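J.:
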Amino acid sequence: MEWVFILASYLLGCLPTGVLVARAMGGSDPRLAGSGNIGTTNVLRTLGKKAAIITLLGDLGKGLIPVLAARAFFADASLVPYFAAGAAILGHDFSFLLGFKGGKGVATTFGTLLALSLPIALLCLATWLAAVFLTRYSSAGALSAAAACPLFSLFLGGPARMTLFCGAAAALLWIQHRKNLIRIMDGTENRLQKPGSM
0 MEWVFILASY LLGCLPTGVL VARAMGGSDP RLAGSGNIGT TNVLRTLGKK AAIITLLGDL
60 GKGLIPVLAA RAFFADASLV PYFAAGAAIL GHDFSFLLGF KGGKGVATTF GTLLALSLPI
120 ALLCLATWLA AVFLTRYSSA GALSAAAACP LFSLFLGGPA RMTLFCGAAA ALLWIQHRKN
180 LIRIMDGTEN RLQKPGSM
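First residue of the sequence shown? That's 0 in numbering that gives the first Met the number 0, and the numbers climb one at a time after it.
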């Protein structure tokens with residue numbers, strides 16, 4: 000039963016929301032425009048706000064739904080919700096539908112955090128917002144929130160398994176953003192437009 004949940008979580012994570020939204024709306028494949036990423040930020044740049052919101056909700060749901068389902072079926076001490084969360088993130092980042100390529104996992108990771116620990120999720124969101132406000136780099140927000148995530152878990156006295164999950168998810172997110180980090184250091188990373196300028 001445990002493996003069914005974990006496999007289903009990976010398969011759900013594999014659904015490339017940004018690509019599916021682009022096809023449904025008759026827009027260009029986000030892999031062929033902008034940064035080439037299938038996530039919310041690139042969809043916003045290439046397809047607009049409506050498509051970006053749908054993509055965000057879809058990617059977030061891919062992390063939220065399997066973890067909530069696992070928590071409903073298994074005891075509080077079970078590790079299945081954490082494995083389901085990790086499987087959903089891996090599915091998004093390495094989708095077999097896209098040749099084991101995918102997005103960078105920001106929204107899907109946030110979805111898992113909403114289901115695993117609402118306080119940590121909200122603290123990460125606040126960190127993301129603060130970093131984006133200061134830098135106008137979406138990637139800087141993601142990197143800052145990821146780095147702070149395991150620290151929030153330690154500060155809140157969460158179980159060790161939560162801190163370990165936060166650390167592993169943060170490490171993967173940093174790996175997925177390694178090119179963004181280089182561009183930030185080079186000053187070539189794309190900034191988000193100011194409100195009202197789109």
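Ideal placement from N, C-alpha and C gives every residue a C-beta, glycine not left out. Note that this is a predicted model, so its numbers are computed, not measured.
#1: Which word fits Phe-154, buried or exposed, when buried means at least 16 other C-beta atoms lie within 10 angstroms of its C-beta?
#2: Consult DSSP for Ser-34 and reduce its assignment to one of helix, strand or coil.
#3: Please tell me whether Leu-59 has its Cβ less than 7 Å away from any Cβ of chain D.
#4: Drop a sphere of 10 angstroms on the beta-carbon of Ala-168, count the other beta-carbons inside from all chains shown, and report buried for 16 or more, exposed for fewer.
#5: In three-state DSSP terms, what is Thr-16?
#6: Write down every uninterrupted run of the alpha helix (DSSP H) in the segment 53-101 whose length is 4 residues or greater and which is fully enclosed by it, in chain order.
#7: From Ile-53 to Leu-115, what distance separates their C-alpha atoms?
#8: Considering only C-alpha positions, which residue in the set Lys-178, Asn-179, Arg-177 and Leu-112 is nearest to Ala-147?
#9: Output needed for Leu-122: all residues of its chain with C-beta closer than 6 Å, excluding positions within five of it in sequence on either side, in chain order.
#10: Could you check where the alpha helix (DSSP H) with Lys-178 kicks off and where it finishes?
#11: Tell me whether Tyr-136 sits in a helix, a strand or coil according to DSSP, three-state version.
#12: Please determine whether the Cβ atom of Arg-70 lies at a distance below 6 Å from any heavy atom of the ligand PLP.
T.: To lay it out plainly:
#1: That one is exposed.
#2: The three-state reading of DSSP puts Ser-34 in coil, since its state is none of H, G, I, E or B.
#3: The structure shown contains no chain D, having only a single protein chain.
#4: Only buried fits Ala-168, as 16 or more other CB atoms lie within 10 angstroms of its CB.
#5: It is helical.
#6: Listed in chain order, the alpha helix (DSSP H) elements of length 4 or more contained wholly in the segment 53-101 are 79-92.
#7: Rounded to whole angstroms, the gap between the alpha carbons of Ile-53 and Leu-115 is 23 Å.
#8: Checked all of Lys-178, Asn-179, Arg-177 and Leu-112; the closest Cα to Ala-147 is Leu-112.
#9: Taking Leu-122 as the centre and dropping the five residues before and after it, the same chain places the C-beta of Phe-151 closer than 6 Å to its C-beta, in chain order.
#10: Where Lys-178 is concerned, the enclosing alpha helix (DSSP H) starts and stops at 177-185.
#11: Three-state DSSP puts Tyr-136 in coil, outside helix and strand.
#12: For the structure depicted, the ligand PLP is absent and the ligand set is empty, with no information on it obtainable.
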